[in-house]
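Beneath this line is the structure, given in structure tokens, with notes to follow.
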Amino acid sequence: MVEWSESERTIITSIFSSLDYDDIGAKALCRCLIVYPWTQRYFGGYGNLYNATAIKNNPLIAAHGTKVLHGLDRAVKNMDDIKATYAELSVLHSEKLHVDPDNFKLLADCLTVVIAAKMGSAFTAEIQAAFQKFLCVVVSALGRQYH
Ligand code: HNI
1 MVEWSESERT IITSIFSSLD YDDIGAKALC RCLIVYPWTQ RYFGGYGNLY
51 NATAIKNNPL IAAHGTKVLH GLDRAVKNMD DIKATYAELS VLHSEKLHVD
101 PDNFKLLADC LTVVIAAKMG SAFTAEIQAA FQKFLCVVVS ALGRQYH
């Protein structure tokens, strides 16, 4: 089981409590689709993804970015059992959506970049370490039901 210090818990909760889900969610998903274009293959029904401008202006992508970020709320609220919290979501991504689990890490890294850009110098090394630890646990939990 993953151990969390009080300071890590405080950092994670405070990042999410002040988060603009629409802005950050859309930016993180857009960045992932632009920087790692092969991730676009899962969004074939989302309309125009022709280039970076099209992706950034696509309202379906923006809405899905918000949804993914809200998916992370569940991990924030259940930090001591992220594995069980994501069991169902992992099955969905594996068996129904057939998302390659390597992509979870790519999206997690895009989210880190977007949050770091937003927070600027407030994104200290300590905050980065806690945030990346959190996302690492999320990525691992989402990949648990793959076999
Ligand atoms: Ni993901 C659906 C959360 C990474 C492709 N995804 C969801 C839903 C949540 C979610 C929540 C909605 C489930 C439902 O409807 O019950 N996804 C997350 C989280 C991460 C993640 C927390 C990682 C941080 N998903 C990814 C990645 C991809 C991805 C990396 C592909 C590159 N997800 C999808 C697709 C759907 C999806 C595709 C279905 C979308 C739809 O329109 O139905």
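Taking the UniProt record's numbering, the leading residue of the sequence shown gets 1, the next gets one more, and so forth.
Beta carbons: idealized from backbone N, C-alpha and C, even for Gly.
Measure the C-alpha to C-alpha separation of residue i and residue j and round it to an integer number of angstroms.
i: lysine 133; j: leucine 69; result: 16 Å
i: alanine 26; j: alanine 63; result: 7 Å
i: arginine 144; j: alanine 108; result: 16 Å
i: aspartate 20; j: tyrosine 146; result: 31 Å
i: alanine 125; j: valine 113; result: 13 Å
i: arginine 41; j: alanine 75; result: 26 Å
i: lysine 96; j: leucine 60; result: 20 Å
i: leucine 67; j: histidine 93; result: Just to set this straight, residue 67 is lysine in the shown sequence, not leucine. Going from the Cα of lysine 67 to the Cα of histidine 93 covers about 14 Å.
i: isoleucine 34; j: glycine 71; result: 21 Å
i: serine 17; j: phenylalanine 43; result: 29 Å
i: threonine 39; j: aspartate 102; result: 10 Å
i: alanine 129; j: cysteine 32; result: 21 Å
i: aspartate 100; j: serine 90; result: 11 Å
By a C-beta neighbour count over all protein chains shown, 10 Å radius and 16 as the cutoff for buried, is residue i buried or exposed?
i: tyrosine 86; result: buried
i: glutamate 8; result: buried
i: valine 139; result: buried
i: histidine 98; result: exposed
i: glutamate 65; result: One point to set straight first is that residue 65 is glycine, not glutamate, in the sequence displayed. Glycine 65 should be labelled buried.
Where do the ends of the alpha helix (DSSP H) carrying residue i lie?
i: leucine 33; result: 21-35
i: aspartate 109; result: 102-119
i: leucine 72; result: 59-77
i: serine 90; result: 87-91
i: threonine 53; result: 52-56
i: arginine 9; result: 6-17
i: glutamine 128; result: 125-142
May I ask whether a heavy atom of the ligand ADP can be found less than 6 Å away from the beta carbon of residue i?
i: glycine 143; result: With respect to the ligand ADP, the structure offers nothing, as its ligand set consists of the ligand HNI.
Round the Cβ separation of residue i and residue j to the nearest angstrom and send it over; I've been treating them as touching at under 8 Å.
i: lysine 118; j: isoleucine 24; result: 7 Å
i: lysine 83; j: alanine 141; result: 5 Å
i: alanine 28; j: cysteine 110; result: 5 Å
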